[in-house]
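A short write-up of the structure that comes next.
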Amino acid sequence: MNFQFGVDYYPEHWPEDRWETDARLMAEMGLKVVRLAEFAWAKLEPADGRFEFAWLDRALAVLDRRGLKVVLGTPTACPPAWLIEAHPDILPVDSQGRVRGFGGRHHDCQSNPVYRRYSERLVRAMADHWGKDARVVGWQTDNELGNSHDDLCHCGHCRAAFQAWLARRYGDVARLNTSWGTVFWSQTYSSFSQIPTPTLTPVNTHSPSLLLDWKRFHSDLIVDFQRAQIEVLRPLTPGQFITHNCMGFANTVDYFDLARELDFVSHDQYPVGFWEVPPGRSAADLAAALDLMAGLKRRSFWIMEQQSGPTGWQILAKTPRPGQLALWTAQSVAHGADTVVFFRWRSCTVGTEQYWHGILPHNGVPGRRYAELKGLIGGLGPLMPRFEGALSGAEVAIVHSYDQNWAFEIQPHHPDLDYQKYLLAVYRAFHGRQIPVDLVSDADDLRGYKLVVAPLAFLELPGVVQRLKEFVGEGGHLVLTMRTGVKDQANVCQTSAPLPGPYADLLGLEVLDYDCLRDGPVPVEFDGQKHQGSLWWDVVTPKGAQVVAWADGGDHKSEPAVTRNGVGKGTAWYVGTQPDAGLWAALAGLWAAQAAVEPVAIAQAGVELVRRRTAEGDFVFVLNHTAEAVAFEPKAAWHLVLGEALMPPWGFSVYETRKRGVQ
Amino acid sequence: MNFQFGVDYYPEHWPEDRWETDARLMAEMGLKVVRLAEFAWAKLEPADGRFEFAWLDRALAVLDRRGLKVVLGTPTACPPAWLIEAHPDILPVDSQGRVRGFGGRHHDCQSNPVYRRYSERLVRAMADHWGKDARVVGWQTDNELGNSHDDLCHCGHCRAAFQAWLARRYGDVARLNTSWGTVFWSQTYSSFSQIPTPTLTPVNTHSPSLLLDWKRFHSDLIVDFQRAQIEVLRPLTPGQFITHNCMGFANTVDYFDLARELDFVSHDQYPVGFWEVPPGRSAADLAAALDLMAGLKRRSFWIMEQQSGPTGWQILAKTPRPGQLALWTAQSVAHGADTVVFFRWRSCTVGTEQYWHGILPHNGVPGRRYAELKGLIGGLGPLMPRFEGALSGAEVAIVHSYDQNWAFEIQPHHPDLDYQKYLLAVYRAFHGRQIPVDLVSDADDLRGYKLVVAPLAFLELPGVVQRLKEFVGEGGHLVLTMRTGVKDQANVCQTSAPLPGPYADLLGLEVLDYDCLRDGPVPVEFDGQKHQGSLWWDVVTPKGAQVVAWADGGDHKSEPAVTRNGVGKGTAWYVGTQPDAGLWAALAGLWAAQAAVEPVAIAQAGVELVRRRTAEGDFVFVLNHTAEAVAFEPKAAWHLVLGEALMPPWGFSVYETRKRGVQ
Amino acid sequence: MNFQFGVDYYPEHWPEDRWETDARLMAEMGLKVVRLAEFAWAKLEPADGRFEFAWLDRALAVLDRRGLKVVLGTPTACPPAWLIEAHPDILPVDSQGRVRGFGGRHHDCQSNPVYRRYSERLVRAMADHWGKDARVVGWQTDNELGNSHDDLCHCGHCRAAFQAWLARRYGDVARLNTSWGTVFWSQTYSSFSQIPTPTLTPVNTHSPSLLLDWKRFHSDLIVDFQRAQIEVLRPLTPGQFITHNCMGFANTVDYFDLARELDFVSHDQYPVGFWEVPPGRSAADLAAALDLMAGLKRRSFWIMEQQSGPTGWQILAKTPRPGQLALWTAQSVAHGADTVVFFRWRSCTVGTEQYWHGILPHNGVPGRRYAELKGLIGGLGPLMPRFEGALSGAEVAIVHSYDQNWAFEIQPHHPDLDYQKYLLAVYRAFHGRQIPVDLVSDADDLRGYKLVVAPLAFLELPGVVQRLKEFVGEGGHLVLTMRTGVKDQANVCQTSAPLPGPYADLLGLEVLDYDCLRDGPVPVEFDGQKHQGSLWWDVVTPKGAQVVAWADGGDHKSEPAVTRNGVGKGTAWYVGTQPDAGLWAALAGLWAAQAAVEPVAIAQAGVELVRRRTAEGDFVFVLNHTAEAVAFEPKAAWHLVLGEALMPPWGFSVYETRKRGVQ
C-alpha cells in the first residue's frame, strides 16, 4: 500500500487554525497516512441522531492537500454522556456487582442491545459518508478491544448472553452438567437460567469449567461486537481495508478469532509503558509481541500505535533515550510491520493521557523526537517497499494458545506459574540465538516447520493431538512440557490414561506423580552444567524415552527433567519442569542442532538480528539494544543498505543479501 | 466402635459401574467406614420436594457387600441452584453490602428462614430413610461449619437475628448502652432496631463491644443452625452417632459450644494446605490442633478428613514426601483419634477441588499413596482397639479461649500480636520438651493439673478468676501473661483496680504503665542467658512477687519481665511480654521442674513422643518428623510393638509400657 | 486570654459523682480551660427535638467552682442512631457505591439537607442556651472536619451539589467543556446533570480536570458546612470565640479557607500516632505542622488536642518516654500555641478509643503522666503571658498550596513523588539550620520575606506569577522547582510557551525535555560534593541562568540540576529534580547566605531552637529531641528563664533576650 509511516492525530483537540501547520509538519517529516476519529463519537454525534461530519471533512481536506491518506476509527469505545444519561443501563457491572460509571472510556456493556444499536447506527452513518471517499483508505474497528473490559460485564444482559452462548455450545443443560461436572458441590443446573456469571461467591471461586467457558464467551462476545461493525462496513466501503489495533499479549480476546475477519491486523507497540516495572520489557519480549502479530494471520501487519515519547497517565515511564524511538520503530518493521503509525502527533493537553507524549511536545514546537523520527523515515522509508509483505521465513514455531493461557489463569498451579512467562522463556531462548520463530495458533498447519514447541499443552483441544503426531511422524521435532494432556476441552481432568494422557506414546513416558515446588527449585544437570527447574516437577517414568537431563539433588534426585523419544521420522521431547534461562538456552541449542535449524547469524549480547525474506533475498536488521556503541561484523555476502557497521548506542543498520541462502 | 480407618467417598462423581471396583479396593486396603453425601443435596433432591435416594441406597449396598459401614453427611452446605433461583434472598450479603452468589458452596444465610426450612426438611427425609439402617453408623452435620462464612452474613435476616440475640442477652436497650458504653461517639441506641451489624462505616471500625458480641452471635448462630439439625436427627436415628468435622484452630465458631451436643467431635487434618506459607505447619502446630480436638469434649475423637495427597484449588501445595501421609496419620492416632477417615478416595476430576488429591490418582489406578496407607493400616490398625478412648494423661493444661481470641482479633494491640500464635508459642515450648499438654476451655475444671497456662487472659469471664485462684490455692502452678485482667466481658476496660485487675493480689504485682513495642524488642536476661521480649512490655511493679527475668537494656532496663509469687500452696507466675522461643523453652523447663511435671521421655529435635495412657499401660508413639533416618533409644521398660528403633525418614514406631509409670 | 493549659473532658463518660474529683485534680494541675461536648449529640438531644442540657450545665457548674472555663464543641460529627434510623438517606456513599453505615462517626453526608437542618437546629439550641454564659469562653465547630470523610460522599445530594458548584464556577456547560478539555475520549457534556462524581469507571480514572474540581468542591462543601454553623453561632454568642481543631497537613479541606471565618485556629498535635511507621514523625515534621497552623491566619493559635499518652485504636503506638509529653507540649508553645489543651483527661474505657490514653490512666489514679505535665505547667505556664500572640518573625517563607498538593495527588508523576514530602524536605533543610520558616498560602503577601520557596508550582493560580515576579523584582530570593508552570488552573497543560511557562523569563531557562527517573536517581555535584536527584529530571537549557549544580554521570551527565538567575534587584533559583537531604541542606545554606537570613543560633543535631519574638525581645526555646542529656551553650545575651543549660533526655529550656537583635 506504500504508506510506510503515519501518525495518530486528533484534530478535534486543537484549534482548527492549527491544522494546516500540523499537516505541513507531517508531510515534511515523510508521513503518509493519518488515523483519525476513534474517540470522537461525541463530536460526530453530539446529540441523539444528529450527525456532524463537516469538521472531520475539513480535517480530511487539510490532510489531503498535503498528500496524507486517512484511516478512520469507529469511535465506539466512547459512548457519549448524552447516551449514558438516556440509557444508564449501558453502564457495565463488575464481578463485585458495582456499576462502573461514565468518566473514563468503554463505560459500556457489549451485550447491551441499546449500545449495540447506537454503535451500529453511527458506524453506518460514517460508512455511508466516507465509504467511497478516496482520501479514506481504511477503517479501524473500535480501539484496543478487550482493553478496559477485563472484568466486565456481569449485568443482566451479559448473564443472559452467557446462558444463550452455553445453550448453543451444549444444546441441553444435562450435557453441560456432564461436561462441567456440576455434580461437584451440588452445582447441578436444571435450566440455563440458573447459571451465574462468575461474580463473588462465599468462597471466591467458581467451577474451573464455568470459568473457562466464561473467558471463551467473553472473547466471543468481543469478536461478535466487532463482526457487527464489519458487517455494516464491508458493503459500504469497497476498496477500503478493515483492521483493528491489537495489544500484543493482551488476552481478553482470542486475537486469532478477532483477526479472522480483518484484512490485516494492526498492533499497538509501547516498549516502555508506565505500568511496567522499570526498565520495561526486554527486546526479546518486544520481538515476541511483534511475531505474535505476524502469526495472527501469518502475514505482515501495521503498527497502529508506535510509541513516540514518554508514556503516562497518573504516573510516567522513563523518557526514551535518544535513538530508542527510532530503534523500536525499526524493530517493528524488522518483524513484519509494513506501515508504522506513531502515537501520537502532539502531546495532549487535556484528559487522562496528558502525559502520553506525542512526537510534538505540548506546545507544538518540533523538538528532538520530531527530528529523530524524521531521520528514521528518511532512511528506512525508501527501503520498505522492497520487502513489503515479507516475513522471516522461520523454521521454528511456538504454539500460542489462548485456551491454555486462560486455563492457567484460572488455575496457575504454582503462584508464580504464568503461561505467557513460560512461553516467553522459550521464545527468549531462540531469540538469544538469533533464530527466527513464528508464534502460531492451536489450529495452525505446522507443516514446513522443522521444530515446534507447544508449551503447557494442558487442555486437549480439537485436532491438536492428531496434528502434532503427524508433525513428528513426518520428521518434525516437537517439544512438549510439564502439564501436557491433563484435561479435556471443558477443563475437566482426563482419566483415560496416565499423564501425559494422549501424548504418552508419542513421548514414551508416564507421569505418575508430580510436585508443586512451593519450597523452591530442583537442581538439574544437563550436559555437565548445573541448572534449575522451578515451580513444578513431573515425576517422569520413561517408557522408551531417553533421559537428557535429570535432577542431581533434593527430593527428586536422579529423576528425569528432560527426555527425548524417537517416533517415526521425528523426535518428541519432554520438559517436565520450568527450566531456568540457562537451561532453556542450552536446550534451544540442542534442539536447533538436532533439527538443523540455522540462526540468522551470530551477534553479541544485546544485538538482535531479524530478517525479512523476499523472493529476491533477505533484508537483515541489526538492532543495537544497548547503551554502548557496537561494531557488528556482517556475513561476507551481506551489503549494508542503511546505517553503519559501527552502530551508535540504540542504533541499527540494515543489510541486504543478494540471493537467499548465500552466505 | 472398631473402625480405625475409613475414607471420604463421592460415588456420585463416578460411573456407577466403577463403584464395585472402588469398594473392593477399599476393603483390600483395610478400610472399614465411608463418609458419603455431605455435598449431594442436588443429587438427593434434584427439584423442590422430589427426593431421590435410590442411587445412594445402591452405593450403600455396594459398600455393604464389602463390609464397609457408612457415615452420612447432611448436605446443607450446598443449597442447589433450583432453590437459589426460587429464593435468591437465601444468598448471603457481606460486610461491604455485596451479595455473594451461587457457584461455590455455602452461598446461604444461616438466619434465613426459607433456607432453614429446606435444610431441615431434607435432613428429616434422610433421617426417615436411613435412621434405622444398620449400614449407617452415624451422621455428620453439614461440613466444616464456619468455613466459607467468615464475614457472612449481613442481610436483613441476620441483622434482625443479631438484634434479637442482643435483646435476649441484655434485656433492655438501656442495659446494652451501659454495658457497651455507647455514650462514646454518641452511639447510644434508643431501640434494638437501630443496632447495625458491623458493616463498613466511614472510619472503618465499630465499637469493640459491638464487635465482640457480633462474633459471639455469629458463633451462636452456627451452633443453633447445627442444633436444629440435631433436633431432627436424634429422635429418628437411634443408635447412630452424630458428629461434625471441625477445623482445628479455625475460630468462626466456638468449638466447645459446637461440640456440646455431639457424641464426639471429628477433625479435618491437612498438614500441608495449599494456602499456607511453605513448608506448612510444624509438627508441634499439628499436634496442638489435635490436642485442641481432644480438649473440646475431653475425649478421643475422629479424623473425618485426613490428608491423603497434595492439596490444591487454583494453586497446589507441595506433594507429601514418601512416608509423610502415614506419619501424619500416626500422629493423629497418637494424639487421640480412634478412627481416621482419609480425604478422599480418588482425586476429583471436576470442580474447584480437582487438585485436592485423594488416595487414588485421577485415573483411578492405585499408586504409591494407596500402597503407603495400606501398609500403615495393616500395621497400626490391629493395635488401635487396645487404646481406643485413651488420651495422654497430661499434667499441663493451656487455656484456649474463643472470647480472648476474638477480643485480640478486634484489637491486636501490636500489628503482629495474635492470640493463637502466642498460645502456640507456649504449646511449642512444652511440646519441644515432650511434655503432654491438654488444651482446655475457660470453663473447664482445672483440678488434676499440676500446671496451667492461661495466656492473654484479657477479658474477665464468668467464674474464671475464682477458679484460677482456687487452683493456685490448692497447690497448682499458674502462668498468666501480659494483658491479663484488662477488661470485662463486654470488652470494656476495668477501672476498679490497677492492672492486672482482679489478678493483682494473686500475682503480687501492679502494672501502672505499658509499652507497645512498635520500635522493636526488649533484651531480656533469664538464667544468665540473653533472650528477647517483643510486641508488648508491661511495666511491672512487684508487690510481693519475686523477679525471675528482667530487661537488661533499652528503654525498660531492669524492669521485670517474668515474676513468681507464692500464694497458698501454689505459685502464680507472670510473663509481661511476648518471649522468644528460647525464653519460652527455658521457662517451660523451669515451670515443669517446679511443678514436678515429667516428660514422656527424651528425644532429639524433630522427633515427637506422644502417649495414649490406658488403665493397662501406655502406648508411646515415636514420630520422626525429619527427612533423615533416626535411631531412637527407648526407655528400658518400653517394648516395641510397631516399626523399628531405627526409623526411616518420616517414619514412626510404637512402644508399649507394661505398667503405667514404670520406667 | 490567659488560659495557657486546658484539657479535653467527657463528663458523660463517667459517673457524675466523679466529676468533682476530676475538677479538683485539673485545678491542682494548673489547668484553666476544658473542652466539652463535641461528641455528645445523643446525650444533648436523645430524641428528635428533645434537648437535654441540664447534665452539661451541672458539669459546667462543677468546673466553674474550680475556676475552669469551657469551650463547647458542636457535636455534629456524631448524628445519633435515632436520626439515622429516621433518615437513612443521611448515610454517605463511597466512590464504589457502598453505603457507609452507622457505628463509627461522621456517618453523614454534608450535602444532605436533612442532616444540615438537624445539625443547625442543635447548634442553635446550644447557642441559645450557652451563648451568653460567662463560663463558656468559646466554641469549636464540629471536630477535625475532613477526617472520616476522605472519599465521601458520592450520593445523589453530593452529585447534585457538585453539578451546582460547577455551574456556578463555569456558568455554562460549554465553558466547562472547553476548560476541562472534555473533547478527550468523547467526555463532552451537554448538560451539568450528566457530570459524575469520580466513582469507579472501567479504567479507574477520570479526567484530571474533573478530579481537581472535585477536590475543590469537596473542600468548599466542608467550608460551607462550617459556615452554616458559624452563621448560627455568631449572633447568639457575643464575646465568645469560634475556632476549629485542624489536623496539620491533612488536606481534605483547604485550611486557609476553613480558617478565614474563625477567630483563630486550633490544632490537634499527635507526635506518635498509632498509624505511623515507628518511630513516628520527626521533630522537624512536628514543627512544620505547627508552623502551618501559625500560617493559616498568620497569628498564634491553640492546640485543642495535645497528645497526653499512648495513642491507639485497634493497635497502639509506642508509649511516650518520660519527658516526651512535656517536650512536645513545649514545642507546641514554642511554635506559636498560646493555649495547649491536652487530649484527654482520662483514658476512655469504652468504644473505639479505649487505647487513646489520657493524662489519667483507665482507673483514674494520677500517675507519671499527670506528674510530668503538672510539672511542665508549673514551669512554663507563668512565662506564657509574656509572649502571648508572638510568632517567630521568620525571614523565610515556604508556599504551601492545597491546589498544588491535590494536583499531585491526582497525578504523582513518579510513584514516590508526594507534594508534602517534597515540601517537608525543603522545610527540614531550614529547620536543621535553626532558621525560622513561615508556611504561607498561594495568596499571601510575600513582602517582608527575604527568601521564598514555592515548591512544585505546577498549576498557574490567579495572581501568583505576578506576585512572585514582584517579589524578586523588589530584591527577594525566590526558589522554584521541577514541574513549575506546567498547567492552568483547570489542570490542563499550558501550550503558550516552553516550560516553565510563565516563569521562563524569571528563571532564565527552558525545559524542552524531562525524564521520570523510574530507573533510579541521577548523581549531582554541588560545591564539590556528591549528591543525588531523584524521581524527576528536567532537562534544563539555560537562557541566561547560571548553573549552580549539575549531573555528573548517567543519562543526564552535565545537564543542570540547580540554576540561579539575577532579575531586577533579586534572584530566582531553579531546582530541576528532587534533591536528597544533603543537597537540600547545602542549598538552604547557600540561599540563606545569599539572602542574609540568620539562624536563631547554632545547636547540635537533635536540638531544636525556636523563638517567639515580642516587642520587648525574644523567648528562645531549646528543645532536646534526643534520648541523651545535652549541654547547650547559649549566646551571651541570653538569660535562662526555665530549665537548665544541661538538659536531660527529652528535656528543654527557655532563654530570654533582653532586646531584639542583640546577640
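The listed protein sequences correspond, in order, to chains A, B and C. Counting from 1, one number per residue, gives the positions in the first sequence under the numbering used here. Counting from 664, one number per residue, gives the positions in the second sequence under the numbering used here. Counting from 1327, one number per residue, gives the positions in the third sequence under the numbering used here. Glycine included, every Cβ here is placed at the ideal spot set by N, Cα and C.
Original post:
Going along chain B, which residues have a C-beta under 9 Å from C:Arg1376?
Top reply: None at all; the shortest Cβ gap to chain B is about 11 Å.
Subject >> Those residues which DSSP pairs with A:Leu360 across a bridge >> reply: A:Arg346
Subject >> CB contact check: B:Ser811 to chain A, cutoff 8 Å >> reply: yes
Original post:
Under 8 Å between C-beta atoms, does C:Leu1526 make it to chain A?
Top reply: For C:Leu1526, the answer is yes, since a Cβ of chain A falls inside 8 Å of its Cβ.
Original post:
Between the stretch 171-195 of chain A and chain B, which residues of the former have CB atoms less than 9 Å from a CB of the latter, in chain order?
Top reply: Correct list: Trp180, Gly181, Thr182, Val183, Phe184, Trp185, Ser186, Gln187, Thr188, Tyr189, Ser190, Ser191, Ser193, Gln194 and Ile195.
Original post:
Listing by chain order, which chain C residues have their CB less than 7 Å from the CB of A:Glu12?
Top reply: Val1509
**OP:** Report, in whole angstroms, the separation of the C-beta atoms of B:Ser1055 and B:Val1273, which I expect to be a contact under 8 Å.
**Re:** About 7 Å separates the beta carbons of B:Ser1055 and B:Val1273, which is inside the 8 Å limit, making them a contact pair.
**OP:** Using a Cβ-Cβ cut-off of 8 Å, state whether C:Glu1411 counts as contacting chain B.
**Re:** yes
Original post:
How many Å lie between B:Ala798 and B:Thr1226 at the Cα?
Top reply: A small fix is needed here, since residue 798 of chain B is Arg in this sequence, not Ala. Taking the straight line joining both Cα atoms gives about 59 Å.
Original post:
Buried or exposed: which applies to A:Ile242, given that a residue is buried once 16 or more other Cβ atoms fall within 10 Å of its Cβ?
Top reply: A:Ile242 should be labelled buried.
Original post:
Going along chain A, which residues have a C-beta under 9 Å from B:Val762?
Top reply: Gly97, Thr199 and Leu200
**OP:** Using a Cβ-Cβ cut-off of 8 Å, state whether B:Ser870 counts as contacting chain C.
**Re:** So, interface residue.
Subject >> Heavy atom of the ligand SAM within 7 Å of C:Gly1799 beta-carbon >> reply: Because no ligand of any kind appears in the structure shown, any question about the ligand SAM cannot be addressed here.
Original post:
Roughly how many whole angstroms lie between the Cα atoms of B:Gly1148 and B:Phe1071?
Top reply: 13 Å
Subject >> Contact with chain C by B:Thr1158, beta-carbon distance below 8 Å >> reply: yes
Original post:
Would the beta-carbon of C:Val1396 fall within 8 Å of that of C:Val1449?
Top reply: no
**OP:** Please classify A:Ala476: is it buried, with 16 or more other beta-carbons within 10 angstroms of its beta-carbon, or exposed?
**Re:** The question names Ala, yet the displayed sequence has Gly at residue 476 of chain A. Its Cβ being crowded by 16 or more others within 10 Å, A:Gly476 is buried.
Subject >> chain A contacts made by the stretch 976-1003 of chain B, where a contact means CB separation under 9 Å >> reply: Trp976, Gln977, Ile978, Leu979, Ala980, Lys981, Thr982 and Arg984
Subject >> Residue from C:Ala1962, C:Trp1876, C:Gly1859 and C:Arg1844 with nearest C-alpha to C:Thr1995 >> reply: Chain C is shown only over 1327 to 1989; residue 1995 of chain C falls outside these bounds and no answer can be derived.
Original post:
Which of the three DSSP states, helix, strand or coil, is assigned to A:Gln546?
Top reply: strand
Original post:
Are the CB atoms of B:Leu1119 and B:Gln1195 nearer to each other than 8 Å?
Top reply: no
**OP:** Just mark B:Ile1265 as buried or exposed, buried being the case when its beta carbon has 16 or more other beta carbons within 10 Å.
**Re:** exposed
Original post:
Roughly how many angstroms separate the alpha carbons of A:Thr76 and B:Val777, rounded to a whole number?
Top reply: Straight-line Cα distance between these residues: approximately 46 Å.
**OP:** Flag B:Thr1012 as yes if its beta-carbon sits less than 8 Å from any beta-carbon of chain A, otherwise no.
**Re:** yes
Original post:
Fully enclosed by the stretch 1331-1356 of chain C, which alpha helix (DSSP H) runs are 4 residues long or longer?
Top reply: 1345-1355
Original post:
Given a limit of 7 Å on CB to CB distance, which residues of the stretch 1827-1844 of chain C reach chain B?
Top reply: For the stretch 1827-1844 of chain C, which is checked against every Cβ of chain B, not one residue is closer than 7 Å.
**OP:** For B:Ile905, return the contacting residues in chain C, with the cut-off set at a CB-CB distance below 7 Å.
**Re:** Taking the beta carbon of B:Ile905 as reference, no residue of chain C falls within 7 Å; the closest one sits roughly 38 Å away.
**OP:** Could you tell me how far apart the beta carbons of B:Gln1017 and A:Pro208 are, in whole angstroms, since I believe they sit closer than 8 Å?
**Re:** 7 Å
Subject >> B:Gln932, enclosing beta strand (DSSP E) - first and last residue >> reply: Ser929 to Gln932
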